[in-house]
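Below is one structure, written out as structure tokens; comments come after it.
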Amino acid sequence: MIRTLPNSRTYTLGFKLYVTLYFVFLFAPLLVTCILAFNDSQFPALPWNGFSLDWFFSDTPDRVGIFHDQINLDSMWVSARTAFFVTILSTIVGTCAAFLFEQESFRFKQALYFLMLAPLVIPGVILGISILLFSNSLGTFFEDTWNIDVGLFRPGFWLVVLGQFSFISTLVTLLVSARLKKFDHTLEEAAMNLGANRFEVIWHITLKFLRPALIGAAAVAFLMSFENFNTTLFLVGCDATLPINLYLQVRDGSTPVINAISFLLIVGTSMLALANLYFSRKEK
Amino acid sequence: MKSHNIKLGLICFLSPVLLWLFLLIVLPHLDLLFMSFRIEDDEGRMTWSLLNYFNFFDEPIYWLTFVRTALFSIVVTLLTFIIALPVAFYITKVVAPKFQGFLTLLLLLPFWVSELVRVYGWMILLRESGVINHFLVKMGILNKPVEMLYNDATMIMGLVYTSMLFMVVPLLSALESLDNSLIEAAYDLGANMWTILTKVIIPHAIPGIVSGSIVVFMLTLGNYLTPNLMGGKNSLWFTEQIYNQFIASFNWNQGAAFGFLLLVLSSLVVWAGLKLTRQKLGSVVK
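If you read the sequences in order, they're chains G and P.
Mapping the first sequence onto our numbering, position 259 (from 1) lands on 241, and the numbers just tick up by one.
Numbers in our numbering are just positions in the second sequence, counted from 1, shifted up by 1230.
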């Protein structure tokens, strides 16, 4: 049954086989995607025609590698900018929320906490359409009442940022709260006794203590934003983010350039994931 | 002085959180509800009406897609659980402890990668010119390639793959806390594997199972990418109906009604799951 009990050979072997198959299932699509990024072929398919870096560096009419593919490079830049702003906003607001729910007491705290968790159980598509509807209503209202046209209310860069921010902040709140729970309050009290005010305490002591959680939460926020599709789909304007742009290409037939982008994404996110894990381990 | 400070702190923390939750969560969803009861009358003015909801029940394609999406999401949740449980059990209880950390890491790694990349990987594996067909034809198992994408089975597999993480993680932590001696005791008393599974392991892991199932169900229900790319035109997923109303037909009020129905369904299931097992949302999301 378990490692401390005698197990039959078939049981152990069967279990090993199952878990191996599971990992094959888990990694097959990613591995194949990576391998085919280096195939010397016009299509992301076998047969293997030999190793080639064309889909990264080539710049000929029938093969435009990712580093010369202006549309995809632009969408990466859009995604990076979006993720940057989402990370900053959600880290600040999420940290505020963590302090609010861990250290303050006020009426309706439970209700507000419940509301803060809501974005986790609202499907991303619904979040997208309701923010789209609301911003459109606001836009119409501003135009009808004051005759001003506010660009922010139309689908576009800032609406995507707000849409992603609306649920990523919840994740940040939970990650920071988890660390804040372990905070030793006597440190705060000591600082207070020595004459520091609340904000000095937070700035010099609590935030120092929270730093690893803040970095981890920011990394998660960046990745979540960079990869978000569902919410972004409805809020995106003319500058598509990378997932939206990739989706359009995959839907209408694909070239190995998508494999090249996927390869870069897989390598990039794995590094970020491993770094995140390494630092959180070190902290313990 | 001190109480003044505390008040100020409360206001500083409360105001951004209130702005966030009211401007981006509460008001937009109230607007969603509001818009779903509005229609354009013959003269082009907006009036109150239940027509958007009547349309949903009137047109079989709408409610059939809705029911289909709900049922498939249940199937996906069940399958995800059945596949994930042995893996979680193996990693927490069977494998030598020194491999535990490594296997857990390996388990989580693919899910850091964008869903789009993972779905794309399946597409180049399964499509007619795909890698699996290439090998099957080469080995002589198939005469000519077959299209393995764009059917229900593939779509379900894709959805299971996409949401696997959210089942495995809660199961891992639930089984982690199960005391080995309980299993040993049951074994010594002569229980067979099935009895141990149903009488010891599953009852202990119920909180993990519920939180995993809720998240998997909700994510599957709201998924757009996987059904759309792996199910193709036959996928008939409800989020696609919402997308069509918004982007293709530009009938936002109808889309709002659909969106609200989906939101109600997903909230109902989350609520029922929590009630059935007497858990709180706060404890589930951790």
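Glycine included, C-beta positions come from ideal geometry on N, C-alpha and C.
Quantities reported herein were computed from a predicted structural model and do not represent experimental measurements.
- The Cβ-Cβ distance between A65 of chain G and F208 of chain G falls below 7 Å.
- Within its own chain, the residues whose Cβ lies closer than 8 Å to the Cβ of W1482 of chain P, once the five positions on either side in sequence are excluded, are M1265, Q1475, F1476, listed in chain order.
- One alpha carbon belongs to M1353 of chain P, the other to F1332 of chain P, and they sit about 28 Å apart.
- Secondary structure at W1278 of chain P: strand, using DSSP grouped into helix, strand and coil.
- By the C-beta criterion, the stretch 48 to 59 of chain G is judged not to be in contact with the stretch 166 to 180 of chain G, since fewer than 3 inter-stretch pairs fall below 8 Å.
- Under the three-state reduction of DSSP output, T223 of chain G falls in the coil class, being neither helix nor strand.
- Exposure of F123 of chain G is indicated by the presence of fewer than 16 other C-beta atoms within 10 angstroms of its C-beta.
- S1441 of chain P is outside the set of residues whose beta carbon lies under 7 Å from a beta carbon in chain G.
- In the assembly as shown, Y260 of chain G is an exposed residue. Its beta-carbon has fewer than 16 other beta-carbons within 10 Å.
- Counting along the chain, the unbroken beta strand (DSSP E) around E1270 of chain P starts and ends at 1268 to 1270.
- Contact note: V14 of chain G reaches chain P through G1351, I1354, L1355, V1361, using a C-beta cutoff of 8 Å and chain order.
- Contact of R(-15) of chain G with chain P by beta-carbon distance below 9 Å involves K1323, V1324, V1325, A1326, P1327, N1410.
- Counting of Cβ neighbours within 10 angstroms places L1495 of chain P among the buried residues, the total reaching 16 or more.
- Closest by C-alpha distance to F191 of chain G, out of G:F211, G:E170, G:M206, is G:E170.
- Secondary structure at D41 of chain G: strand, using DSSP grouped into helix, strand and coil.
- Each residue's CA atom was taken as its position, placing V1440 of chain P and E1470 of chain P some 27 Å apart.
- For Q85 of chain G, the enclosing alpha helix (DSSP H) covers residues 52 to 85.
- I74, V75, C78, A79, F81, L82: these are the residues of the stretch 69 to 83 of chain G whose beta carbon lies less than 8 Å from some beta carbon of chain P, given in chain order.
- Minimum Cα-Cα distance from F1468 of chain P among the listed residues P:D1409, P:L1301, P:A1314, P:K1323 corresponds to P:L1301.
- Counting every other CB atom within 10 Å of its CB across the protein chains shown gives Q92 of chain G a total below 16, marking it as exposed.
- At a cut-off of 7 Å between beta-carbon atoms, G1274 of chain P makes no contact with chain G.
- Among the residues of the stretch 91 to 104 of chain G, those with a Cβ less than 8 Å away from any Cβ of chain P are L94, Y95, F96, L97, M98, L99, A100, P101, L102, V103, I104, in the order of the chain.
- For the stretch 1402 to 1434 of chain P, residues whose beta-carbon sits nearer than 7 Å to a beta-carbon of chain G comprise N1410, I1413, E1414, Y1417, M1423, I1426.
- Here DSSP, grouped into helix, strand and coil, assigns F33 of chain G to strand.
- Residue pairing from DSSP leaves N175 of chain G without any beta-bridge partner.
- Closest by C-alpha distance to V1306 of chain P, out of P:L1455, P:S1411, P:F1252, P:G1388, is P:G1388.
- For the stretch 1376 to 1400 of chain P, the set of residues with a beta-carbon nearer than 8 Å to any beta-carbon of chain G comprises Y1391, M1394, in chain order.
- A residue is called buried when at least 16 other Cβ atoms come within 10 angstroms of its Cβ; L189 of chain G does not meet this threshold and is exposed.
- Relative to T1507 of chain P, the option among P:F1488, P:L1451, P:L1339, P:S1443 whose CA is nearest is P:S1443.
- Put simply, the CB of T1469 of chain P is near chain G, with a gap under 7 Å to one of its CB atoms.
- Under the rule that a run must span 3 or more residues, no beta strand (DSSP E) segment is found entirely inside the stretch 1427 to 1475 of chain P.
- P:R1348 is the residue among P:L1315, P:A1326, P:R1348, P:F1287 whose C-alpha sits nearest the C-alpha of F7 of chain G.
- Assignment of N21 of chain G by DSSP, reduced to helix, strand and coil, places it in the strand class.
- Residues of chain P whose Cβ lies closer than 7 Å to the Cβ of P11 of chain G are, in chain order, R1348, G1351, W1352, L1355.
- A residue is called buried when at least 16 other Cβ atoms come within 10 angstroms of its Cβ; F245 of chain G meets this threshold and is buried.
- The distance from the Cβ of G198 of chain G to that of L157 of chain G is about 6 Å, consistent with a contact at the 8 Å cut-off.
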